[in-house]
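Below you'll find the structure, written out as structure tokens, and then a few comments.
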Amino acid sequence: MKASVAGTRRSASAMTHGKAPEEPATTIPHYDKEAASIAFFSHVTGYVTVLGRIAKASNVDPCDLIRPSP
1 MKASVAGTRR SASAMTHGKA PEEPATTIPH YDKEAASIAF FSHVTGYVTV LGRIAKASNV
61 DPCDLIRPSP
């Protein structure tokens, strides 16, 4: 089946013979929960690692970087 008519491409919605296109669904798009959790924990782990390296280089307690002692 040819996708072009008289040199112009037509989408599937244009081939509904003059009918109005249906409204898009208003559902939450699917996402990969496993990939999302891995990305979240990788981000948190990276943040904690950077704080640890800063604390080691500046010779302070890592907890003081998050919440300074009075």
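If you're matching positions, the sequence shown starts at 1 in the UniProt record's numbering and goes up one per residue. By construction, the Cβ of each residue, glycine as well, lies at the ideal position given by its N, Cα and C atoms. Every value quoted in this text rests on a predicted model; they were computed, and no experiment measured them.
For a cut-off of 8 Å, the C-beta gap from G52 to P62 is around 6 Å, short enough to register as a contact.
Under the DSSP assignment, E34 falls in the alpha helix (DSSP H) whose first and last residues are K33 to S58. A direct Cα-to-Cα measurement between R67 and D32 gives close to 34 Å. Per the coordinates, the alpha-carbon of H43 lies some 10 Å from the alpha-carbon of T49.
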